[in-house]
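Q:
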Amino acid sequence: MRAGCISGGPGMTRGETIGVCAVEEPRFLSEEDWRELLSETRNRQVIPIVGSGLVTTPDPASGEPIPLNRLLATQLAERLGVDPPELPADSMPRLPLNQVACQYLRKGKSRKAIYREVSDVLDKLEVDIPPALIELASITDFDLFMAGTIDPLLARALEQARPGFQRSEQVLAYDAKTPVDIPEQIGDTLVYHIVGSRQTYPYFAVWEEDYLEFLYCLAVHRGALKRLFSLLKARYLLFLGSPFNDWVVRFFLFIVKGGRFSDARRDDIGAYLADLESNLGAPLIFFFDKVVGTTRIIQGCPCKFVSEFYRRWSEEHPDGTRDEDLLRQMPDEIPRQAVFVSYSHDDRAAALELVRGLRTAGVPVWMDKQRLQAGENYNRSIQYAVKQGCSFFISLISEATESDTTRYVHEERRWAADNHVDGFVFYIPVIIDDTDLPQSEPPQFSTIHCERLPKGRVSPAFVKRLKGLVEEYRISKRPRA
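The structure is reproduced here in structure tokens:
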């Protein structure tokens with residue numbers, strides 16, 4: 004496979020020309036190795052480390068996908084008044100920014116301007132999120148992501164794939180000066196920028212000396228980063244598009260895995276490294292694949308590997324992205340203390356969208372999938388779910404619910420009114436269309452503020468509030484308003 008291959012997404016056929024190369028039949032892993040990797044992923048024992056080979060963007064000139072670092076390097080060179088980096092079509096250098104920085108420093112210039120200009124370029128960055136990053140972010144068994152790049156595209160992908168994800172609270176960055184450890188509880192999603200980010204200006208890695216400083220400081224700060232190092236050592240590391248040069252990868256693994264690779268058993272795999280052979284380099288492949296054997300080399304396009312990973316994970320561990328999957332996974336009876344979603348049959352699509360978003364964010368939620376049933380047993384089951392089984396009651400309000408007070412949802416809402424206590428949170432009204440303030444809800448709820456979530460699409464603020472309410476309910480039962 005020639006260097007420069009970029010995946011075109013799940014619909015691309017094998018052997019089709021993509022970018023500057025033709026994608027051959029991917030080898031990647033044996034079926035036994037795939038089963039092991041997927042099993043450890045389901046058990047949340049795999050940490051993806053995103054490198055520049057996975058962070059791509061269309062070339063402004065040709066429209067073909069290229070590493071984002073190429074675009075940043077070209078713009079940085081123009082700003083610094085140096086020659087653009089040499090980027091031959093048949094190679095994909097991981098550190099084109101290093102070329103630009105070295106040219107500038109050879110002129111005797113101060114390196115401070117480099118970080119200032121890179122920051123400005125990132126602030127004005129307007130590129131689409133790479134499909135491979137969205138697929139990676141959609142694998143919800145990953146709770147901790149390590150970013151080996153300084154751009155915000157991984158966080159943007161998580162915002163799109165995981166409703167409720169908030170950059171302000173779920174993205175951390177190491178700045179080589181002030182160690183920032185991960186929290187005791189990661190939650191459902193956390194991103195850790197291992198070489199800094201725009202938010203740690205001017206401390207982030209652009210050229211090789213920066214990477215050397217960051218790795219040295221990581222080793223020095225090991226004691227202050229106990230939780231981070233504990234997870235990096237205990238879990239499998241999955242490098243996707245090697246984020247560093249050969250020696251940096253080895254040094255990083257040496258630090259986090261605790262010493263010599265040759266001291267471990269050859270079959271004791273601690274890391275996977277997926278990238279093109281030309282990017283990995285023969286010495287690195289020989290060292291890990293032939294000499295020590297503790298890091299599994301996965302040769303091939305990292306974007307294509309992620310697409311295959313996502314396809315296999317989706318088949319073996321459906322996450323409910325499709326309506327039929329979501330309904331199939333929904334139990335017939337409400338799980339204890341789940342959030343109850345009351346909806347009209349006409350609003351089924353919006354209800355599924357809301358439930359999908361809340362489930363992805365880790366909120367225990369339940370909707371009745373037997374809307375057309377009737378009978379005494381059915382009524383008793385739903386009444387129990389509303390009055391005793393749920394923690395909170397979400398009422399989806401729409402033109403459908405407002406136009407007909409005989410709909411079954413109004414029976415559910417009358418039961419919710421029976422369970423309502425002034426001064427405490429239980430009933431949560433959500434308007435999903437252009438309906439004005441509701442007129443058909445029980446009068447007990449007339450003073451409660453209505454959320455507006457068009458078509459059931461949850462917002463980060465709504466998810467944050469609901470997750471807080473569920474946690475408070477778990478600790479002390481019904482929270483006060």
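Numbering follows my numbering, in which position 142 of the sequence shown is assigned residue number 145; successive positions increment by one, without gaps.
Quick reminder that beta carbons are idealized off the backbone N, C-alpha and C, glycines included.
If you're wondering where the values come from, they're calculated on a predicted model, not measured in any experiment.
Under a three-way DSSP split, which group does S141 fall into?
A: helix
Q: Which stretch, first to last residue, makes up the alpha helix (DSSP H) that contains D36?
A: E34 to R45
Q: What does C453 pair with, by DSSP beta-bridge criteria?
A: DSSP lists no partner for C453.
Q: Can you tell me which of A464, G66 and W369 puts its alpha carbon nearest to the alpha carbon of R339?
A: W369
Q: Taking DSSP as the reference, what is the three-state secondary structure of A341?
A: A341 falls in the strand class under three-state DSSP.
Q: Does the Cβ of N380 have 16 or more other Cβ atoms within 10 Å, making it buried, or fewer, making it exposed?
A: exposed
Q: Mind listing, in chain order, the continuous alpha helix (DSSP H) runs of no fewer than 4 residues lying wholly within the region 212-299?
A: 229-237, 249-260, 280-283 and 285-288
Q: In terms of residues, what are the limits of the alpha helix (DSSP H) holding T203?
A: Here T203 belongs to no alpha helix (DSSP H), and DSSP marks it neither H nor E.
Q: Report yes if the C-beta distance between F343 and A403 is below 8 Å; otherwise report no.
A: no
Q: Quick check on DSSP: helix, strand or coil for F168?
A: Coil.
Q: So, are the CB atoms of A160 and I132 less than 8 Å apart?
A: yes
Q: Taking the straight line between their C-alpha atoms, what separation do you get for F257 and R263?
A: 6 Å
Q: Does G66 pass the burial test, meaning 16 or more other C-beta atoms within 10 Å, or should it be called exposed?
A: exposed
Q: Looking at C-alpha atoms only, which residue of V428, E356 and A364 is the closest neighbour of L399?
A: E356
Q: Only counting the same chain, and skipping five residues up and downstream in sequence, which positions put a Cβ closer than 7 Å to that of Q48?
A: R238 and Y239
Q: Which first and last residues belong to the beta strand (DSSP E) in which P51 is found?
A: V49 to V53
Q: What are the boundary residues of the beta strand (DSSP E) that includes P70?
A: P68 to P70
Q: Apply the 10 Å Cβ neighbour rule to Q391 and answer buried if 16 or more other Cβ atoms are within range, or exposed otherwise.
A: exposed
Q: So the candidates are L330, F312, K293 and G365; which of them puts its Cα closest to the Cα of K467?
A: G365
Q: Roughly how many angstroms lie between the CA atoms of P305 and L157, to the nearest whole one?
A: Distance between the alpha carbons of P305 and L157 is about 15 Å.
Q: Are there 16 or more other CB atoms within 10 angstroms of the CB of P186, so buried, or fewer, so exposed?
A: exposed
Q: Rounded to a whole number of angstroms, what is the C-alpha to C-alpha distance between G523 and A150?
A: The question about residue 523 has no answer here: the residues shown for the chain are numbered 4 through 484.
Q: What are the boundary residues of the beta strand (DSSP E) that C393 is part of?
A: C393 to I400
Q: What is the rounded straight-line gap between the Cα of T450 and the Cα of D126?
A: Rounded to whole angstroms, T450 to D126 spans 42 Å at the Cα level.
Q: Any idea if E28 is buried or exposed, counting beta-carbon neighbours within 10 angstroms, 16 or more meaning buried?
A: Low confidence applies to E28: its pLDDT is 46, below 50, so where it sits in the model is not reliable enough to give any reading.
Q: Going by CA-CA distance only, name the one from L98, T363 and L218 that's closest to L283.
A: L98
Q: For L128, name the three-state secondary structure that DSSP assigns.
A: Secondary structure of L128 (DSSP, three-state): coil.
Q: What does DSSP give as the partner residues of M149 in its beta bridges?
A: According to DSSP, which records beta bridges pairwise, M149 is partnered with I52 and Y195.
Q: According to DSSP, R483 sits in a beta bridge with which residue or residues?
A: Note: R483 sits in a beta bridge opposite F427.
Q: R201 and P155 - do their beta-carbons sit closer together than 8 Å?
A: yes
Q: Rank T203, A353, L243 and E336 by C-alpha distance to the C-alpha of F311 and give the top, closest one.
A: A small correction: the amino acid at residue 311 is Glu; Phe does not occupy that position in the sequence shown. Nearest C-alpha to E311: L243.
Q: Nearest CA to the CA of R299: which residue from I288, F207 and V309?
A: If you compare the alpha carbons of I288, F207 and V309 with that of R299, the shortest gap goes to I288.
Q: L147 and L234: beta carbons closer than 8 Å?
A: Taking 8 Å as the Cβ cut-off, L147 and L234 qualify as a contacting pair.
Q: Below 8 Å, how does it come out for the region 450-465 and the region 430-441: are there three or more Cβ pairs, yes or no?
A: yes
Q: Please check the pair I52 and L241, which I expect to be a contact at CB under 8 Å, by giving their CB distance rounded to whole angstroms.
A: 7 Å
Q: Leaving out the 5 sequence neighbours to the left and right, which residues in its chain are closer than 6 Å to L215 when beta-carbon positions are compared?
A: none
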